[in-house]
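Asker: Take a look at this one; I'll ask things after.
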Amino acid sequence: MKRVFAIVGLLMVMMSCERGKVEDTPQVEIKPIMPEKVLNVAFLIVDGVYNSELVAPMDILHHTVFHTEKGMKVFTVAPTKDPITSFEGLRILPDYSYLHDVLPQINVLIVPSAENSMGKDLENRELIRFVKSTGTSVDYVMSLCDGAFVLAQADLVDGKESTTFPSDIQKYKDVFPHLKVHEGVSFVHDGKLITSVGGAKSYDPALYLSELLYGKKAVEGLGKGLVIDWKLSDVDYVKIQ
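Numbering-wise (the numbering used here), the sequence shown opens with residue 1290 and increments by one.
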């Protein structure tokens, strides 16, 4: 009897999420949402932001305007409009200040990793307040690499499953022990939350979101334009049903 209960429990867990790239399992094509309006995508940038986690998803999401009628409008948001210096030394002029400007409506919030995403950024009350208030009202929230720490600090990961940069997963678990964390995948999609391991794989969640919103034809065009052979079936990911 105990064995029967164990098998039933295992089946219930398996039915609760979908893992991509499952051998011998046919891939279900995503039925695109096809938004009726242009979506505003805000990239939160702070000093020490990493180039790859910022530029990779920005490239993908910006280019949607060339592959669908209602593409995305991307912009950067920072504490002030003073220049932001990335970890690699790229100097960026933010489009908006979340402390001083009236912001456009934000439909998608992207939080790239930064040098202090596991440290002093988590103690920045104004930063966390902005992320929390914005993240609760948007359609999607995405983190790249250690940006997941910022989302978790803002309570946006509570009750959801997520991932982060591979070598920081243990620290993520230690700081937020109540969270369910996945390892060995490129990204995790749970409700409106998408968390990614970052690095070179920062393209994956952006391409996935583009396919989810605009369909396979659009995302194949995005991949072709950026010389990326995109096939969702080739990506290890987890989608929570």
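Yeah, the Cβ is synthetic: ideal placement off N, Cα and C, and Gly gets one too. Just so we're clear, the structure is a prediction, and the values are computed from it rather than from any experiment.
Keeping to the same chain, check which residues put their C-beta closer than 6 angstroms to that of L1482; ignore five residues upstream and five downstream.
Answerer: On the sequence shown, residue 1482 is found 193 positions in, with the first residue counted as 1. Around L1482: V1430 and K1449.
Asker: Starting from D1428, follow the alpha helix (DSSP H) in both directions and report where the run begins and ends.
Answerer: Position 139 of the sequence shown, counting from 1, holds the residue named residue 1428. Unbroken run through D1428: none, as it is neither H nor E.
Asker: Kindly give me the distance between the Cβ atoms of A1403 and V1335, rounded to whole angstroms, as I take these residues to be in contact under 8 angstroms.
Answerer: Numbered from 1 along the sequence shown, position 114 holds the residue referred to as residue 1403. Numbered from 1 along the sequence shown, position 46 holds the residue referred to as residue 1335. 5 angstroms between Cβ atoms; contact.
Asker: Taking all protein chains shown into account, decide if P1489 is buried (16 or more other Cβ within 10 angstroms of its Cβ) or exposed.
Answerer: On the sequence shown, residue 1489 is found 200 positions in, with the first residue counted as 1. According to the sequence provided, residue 1489 is Ala. The question's Pro does not apply to it. Exposed, since its Cβ has fewer than 16 Cβ neighbours within 10 Å.
Asker: What separation, rounded to the nearest whole angstrom, lies between the Cα atoms of V1486 and V1474?
Answerer: In the sequence shown, residue 1486 corresponds to position 197, counting from 1. In the sequence shown, residue 1474 corresponds to position 185, counting from 1. Roughly 8 angstroms between the two C-alpha positions.
Asker: For my contact list, L1496 and I1349 are in at a C-beta cut-off of 8 angstroms; report their separation, rounded to the angstrom.
Answerer: The residue labelled residue 1496 in the question sits at position 207 within the sequence shown. The residue labelled residue 1349 in the question sits at position 60 within the sequence shown. L1496 to I1349, Cβ: 6 angstroms. Contact.
Asker: Quick check: what's the CA-CA separation for M1407 versus Q1459?
Answerer: As a working note, residue 1407 is residue 118 in the sequence shown. As a working note, residue 1459 is residue 170 in the sequence shown. Distance between the alpha carbons of M1407 and Q1459: 12 angstroms.
Asker: Take V1524 as the anchor and find which of G1514, Q1530, S1491 and G1510 has the nearest alpha-carbon.
Answerer: To locate residue 1524, count along the sequence shown from 1; it is residue 235. The option with the nearest alpha carbon to V1524 is S1491.
Asker: In the DSSP assignment, the beta strand (DSSP E) including L1333 goes from what residue to what residue?
Answerer: Start at 1 with the first residue of the sequence shown, and residue 1333 comes out as number 44. It spans L1328 to L1333 - the beta strand (DSSP E) in which L1333 sits, taken as one unbroken run.
Asker: Are the beta-carbon atoms belonging to P1346 and A1507 less than 9 angstroms from one another?
Answerer: By 1-based counting over the sequence shown, the position of residue 1346 is 57. By 1-based counting over the sequence shown, the position of residue 1507 is 218. No; because the gap between Cβ atoms is not below 9 angstroms, this pair is not in contact.
Asker: In chain order, what are the residue ranges of uninterrupted beta strand (DSSP E) at least 3 long that sit wholly in the region 1384-1427?
Answerer: Listed in chain order, they are 1397-1400.
Asker: Over the uninterrupted alpha helix (DSSP H) stretch that includes D1463, give me the two end residues.
Answerer: Against the sequence shown, residue 1463 aligns to sequence position 174. Note, D1463: alpha helix (DSSP H), I1458 to V1464.
Asker: Is it the case that the Cβ atoms of H1471 and T1452 are separated by a distance below 9 angstroms?
Answerer: Counted from its first residue, the sequence shown places residue 1471 at position 182. Counted from its first residue, the sequence shown places residue 1452 at position 163. In contact: H1471 and T1452 (Cβ atoms closer than 9 angstroms).
Asker: Do V1397 and V1330 have their C-beta atoms within less than 9 angstroms of each other?
Answerer: Taking the sequence shown and counting its residues from 1, the one referred to as residue 1397 is at position 108. Taking the sequence shown and counting its residues from 1, the one referred to as residue 1330 is at position 41. It is a contact, given that the beta carbons lie within the stated cut-off.
Asker: For the candidate residues T1484, E1415 and A1367, whose alpha-carbon lies nearest to that of F1454?
Answerer: Indexing the sequence shown from 1 puts residue 1454 at position 165. Selected option, being the one with the closest Cα: T1484.
Asker: Please list the terminal residues of the continuous alpha helix (DSSP H) segment that includes H1351.
Answerer: Taking the sequence shown and counting its residues from 1, one reaches residue 1351 at position 62. Where H1351 is concerned, the enclosing alpha helix (DSSP H) stretches over N1340 to H1351.
Asker: Report the partner residues of F1364 according to the DSSP bridge assignment.
Answerer: Within the sequence shown, numbered from 1, the residue matching residue 1364 stands at position 75. Answer is A1331, bridged to F1364.
Asker: According to DSSP, which residues form a beta bridge with I1517?
Answerer: Translated into the one-based positions of the sequence shown, residue 1517 becomes position 228. I1517 pairs with nothing; no bridge assigned.
Asker: Leaving out five residues on either side along the sequence, give the residues of the same chain with a beta carbon under 7 angstroms from the beta carbon of E1509.
Answerer: Numbered from 1 along the sequence shown, position 220 holds the residue referred to as residue 1509. The answer, listed in chain order, is W1519.
Asker: Could you tell me the distance, in whole angstroms, from the CA atom of R1414 to the CA atom of D1457?
Answerer: For the purposes of this step, residue 1414 is identified with residue 125 of the sequence shown, where counting begins at 1. For the purposes of this step, residue 1457 is identified with residue 168 of the sequence shown, where counting begins at 1. Looking at the two C-alpha atoms, the distance is approximately 23 angstroms.
Asker: Among the residues of its own chain, which have a CB less than 6 angstroms from the CB of G1504, if the five just before and after it don't count?
Answerer: Position 215 of the sequence shown, counted from the start, is the residue given in the question as residue 1504. Contacts found: P1321.
Asker: Restricting to Cα atoms, I'd like to know which of I1399, T1357 and E1342 is closest to F1376.
Answerer: Against the sequence shown, residue 1376 aligns to sequence position 87. Considering only alpha carbons, the answer is E1342.
Asker: With a CB to CB cut of under 6 angstroms and the five nearest residues on each side skipped, what residues in its chain are close to Y1526?
Answerer: Here residue 1526 corresponds to residue number 237 of the sequence shown, with the count starting at 1. Same-chain partners within the cutoff: G1309, V1474, S1475 and F1476.
Asker: If you measure between the beta carbons of S1386 and V1400, is that distance less than 9 angstroms?
Answerer: Residue 1386 sits at position 97 when you count from the first residue of the sequence shown. Residue 1400 sits at position 111 when you count from the first residue of the sequence shown. Going by C-beta atoms, S1386 is not nearer than 9 angstroms to V1400.
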